[in-house]
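The numbering of the sequence shown is numbering that gives the first Met the number 0, which starts it at 0 and goes up by one. Don't be surprised by glycine CBs; every beta carbon is placed ideally from N, CA and C. Owing to the predicted nature of the structure, the values given are computational and were not obtained by experimental measurement. This report concerns only the one structure given below.
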Amino acid sequence: MAIWALLSWILFLLLCIHNLASFLSRTSDRRRLPPGPNGLPIIGSLFSIGKRPHESFAGLAKKFGPLMSLRMGFATVIVASSAKMAKEILQKKDKDFAGRIIPDAVTGEAHYDLSMAWISPGPCWRNLRKLCNTQMFTSQRLDALQGLRNQKMEELLKNIEPLSLSGEAVNISQLAFATALNFVSNAVFSVNLVDPLSEGAQEFKDVVWRIMEYAGKPNISDFFPLLKSLDPQGIRRHIKVSYDHLHRLIDDFIYQRLESRESGAPRKNDFLDVLLDHSQEDGSDFDLRYVKVLITDLYIAGGDTSATTVEWTMTELLRHPNTMKKVQRELQQVIGAEGSVEESHIPQLPYLEAVVKEAMRLHPPAPLLLPHRAETDVELCEYIIPKHTQVLVNVWAISRDADYWERPMNFMPERFLGSNADYRGQDFGFIPFGSGRRICPGMPLAVRMVHLMLASLLHSFNWKLPDGMKPETVDMDDKFGVTLQKAIPLLAIPSKRFDCGY
Ligand code: HEM
Numbered sequence: 000m001a002i003w004a005l006l007s008w009i010l011f012l013l014l015c016i017h018n019l020a021s022f023l024s025r026t027s028d029r030r031r032l033p034p035g036p037n038g039l040p041i042i043g044s045l046f047s048i049g050k051r052p053h054e055s056f057a058g059l060a061k062k063f064g065p066l067m068s069l070r071m072g073f074a075t076v077i078v079a080s081s082a083k084m085a086k087e088i089l090q091k092k093d094k095d096f097a098g099r100i101i102p103d104a105v106t107g108e109a110h111y112d113l114s115m116a117w118i119s120p121g122p123c124w125r126n127l128r129k130l131c132n133t134q135m136f137t138s139q140r141l142d143a144l145q146g147l148r149n150q151k152m153e154e155l156l157k158n159i160e161p162l163s164l165s166g167e168a169v170n171i172s173q174l175a176f177a178t179a180l181n182f183v184s185n186a187v188f189s190v191n192l193v194d195p196l197s198e199g200a201q202e203f204k205d206v207v208w209r210i211m212e213y214a215g216k217p218n219i220s221d222f223f224p225l226l227k228s229l230d231p232q233g234i235r236r237h238i239k240v241s242y243d244h245l246h247r248l249i250d251d252f253i254y255q256r257l258e259s260r261e262s263g264a265p266r267k268n269d270f271l272d273v274l275l276d277h278s279q280e281d282g283s284d285f286d287l288r289y290v291k292v293l294i295t296d297l298y299i300a301g302g303d304t305s306a307t308t309v310e311w312t313m314t315e316l317l318r319h320p321n322t323m324k325k326v327q328r329e330l331q332q333v334i335g336a337e338g339s340v341e342e343s344h345i346p347q348l349p350y351l352e353a354v355v356k357e358a359m360r361l362h363p364p365a366p367l368l369l370p371h372r373a374e375t376d377v378e379l380c381e382y383i384i385p386k387h388t389q390v391l392v393n394v395w396a397i398s399r400d401a402d403y404w405e406r407p408m409n410f411m412p413e414r415f416l417g418s419n420a421d422y423r424g425q426d427f428g429f430i431p432f433g434s435g436r437r438i439c440p441g442m443p444l445a446v447r448m449v450h451l452m453l454a455s456l457l458h459s460f461n462w463k464l465p466d467g468m469k470p471e472t473v474d475m476d477d478k479f480g481v482t483l484q485k486a487i488p489l490l491a492i493p494s495k496r497f498d499c500g501y
């Protein structure tokens, strides 16, 4: 006991000394940093930021301006809150700010240092991005795999039909999450892994979900690095169990495929074949660890973001029934009552596209992007951002900025009709996928998945809110985590639109 008490005191003292030294050095550095709140000694602004950092940062930006610095425990964080600042960071100084701060939770993954999402730019990261951009998320590859997605979507609609007859409500986020995971599984392994309507403990869905939950918890170790080894909230320990589980499931698929390739079975030409081809090239150091970690990245990055987009879009449509009718009219004109939605219809659905963009503007799934890091001391406007400082771009604040958007709080898809603003990160007022070097590599697949899901759900069914709920009373609170989810999951009741819609 006495030894533990002594050790705790020594640790506490070390913490205070380290903290004080860092506080003093930062106080002298602050002349060069952008303005920001002073915060309390030791903890800085940590607790005043609270559970909804996107909103707290937006509030502080009104006082301190579109580029501000905050002290959060031992970490200094720079927050950009305007389209102009986002452009400076993600375009003009893109290379300097392309690093990553790695959250402690992520280090619970074996070989996290091979993960494209978390490593800083270097040969390994460039190789992974190149593979994604030139071999996996190309139109050609995605076109080749679209038959699978269309077919899976039809199966899903058939599964919703009994619910439409019994008048049961569908949990849209659960349905969209499982469907998005299946789309990723189809692209990677050419298989379906999850039953979208089952509540049951399907391993894949549950394990990905648990990783998202732990990764989304605020972690004291991220702000007091000396505590990292102790993992006081147990986040790294818990997430490790789920990462190891997911890796085992992915390993099984990899080894089955290696066997079937050796036996001369026909190729699937999916992402796994692309990755195995690459790993088997002469002289390649891209071994099976890279394959496994990249596939893990795709599940983690692709499922929840796409599902959240579908849920918020459906929420906005249920709150704006006339807009929903307009989308359905467009679908009927393009597809007809007898037809079923296919991915090839998407370019002919500009109104649906505008609706999705408007929902992503108001509810960006990754409201602060992923944490960027200055790779060197960087001059930004009249300030110096020291090497290895964390840099956040508050996309949520930018896409609600009244200086940029007319009536920013209103849901008005028409603003995107005939506008050049698209997802590619060139319009810095609208960057739900980020911009520059770190822009989301999965965007081409995400755009297809989200549009296919929404078009199919809206073409085959009418949707209404559960009894007693009115469009104007739908709860719109969001919950900050790895993605910005709806705090109360959306429930909606389907009813068939046509006798044979699919
Ligand atoms: C609507 C759906 C999606 C949204 C809104 C979204 C958004 C984002 C954002 C904002 C980032 C970080 C950009 C930055 O830090 O500057 C990102 C990174 C990433 N996304 Fe997505 N994403 C979506 C779907 C997907 C899908 C379907 C995949 C793959 C299957 C994917 C794979 C990735 C990966 C691997 C990264 C890390 C890239 C890197 O750090 O170099 N995402 N995404």
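Judged by DSSP secondary structure, P122 falls within the alpha helix (DSSP H) whose first and last residues are 122-130. Proximity of the beta carbon of M152 to the ligand HEM is not indicated: no heavy atom of the ligand is located closer than 8 Å.
Across the structure, G428 and I397 are spaced so that their CA atoms are roughly 6 Å apart. Within the same chain, and ignoring the five residues on either side of F285 in sequence, the residues whose Cβ sits closer than 6 Å to its Cβ are H277, S278. The secondary-structure analysis by DSSP pairs P265 with nothing; it has no beta-bridge partner. Exclusion of the five residues before and after Q327 leaves L457, H458, N461, R496 as the residues of its chain whose Cβ lies within less than 8 Å of its Cβ. A distance below 9 Å separates the beta carbons of A57 and W395.
Secondary structure at W404: coil, using DSSP grouped into helix, strand and coil. For S418, the closest C-alpha among the options I383, M452, K356, V446 is that of K356. Taking 8 Å as the cut-off, one finds no heavy atom of the ligand HEM near enough to the beta carbon of D95. At least one heavy atom of the ligand HEM lies less than 8 Å from the C-beta of T308. Straight-line measurement puts the Cα of S241 at about 7 Å from the Cα of R209.
For H110, the shortest C-beta to heavy atom distance toward the ligand HEM is 8 Å or greater.
Bounds of the alpha helix (DSSP H) holding Y350 are 349-361. In the three-state DSSP reduction, P493 falls in the strand class (E or B). Beta bridge pairing from DSSP links Y382 with L379. Where V394 is concerned, the enclosing alpha helix (DSSP H) starts and stops at 394-397.
Collapsing the DSSP output to three states places R288 in a helix.
DSSP places T304 within a helical segment (H, G or I) once states are collapsed to three. Taken from the Cβ of I438, at least one heavy atom of the ligand HEM lies inside 8 Å.
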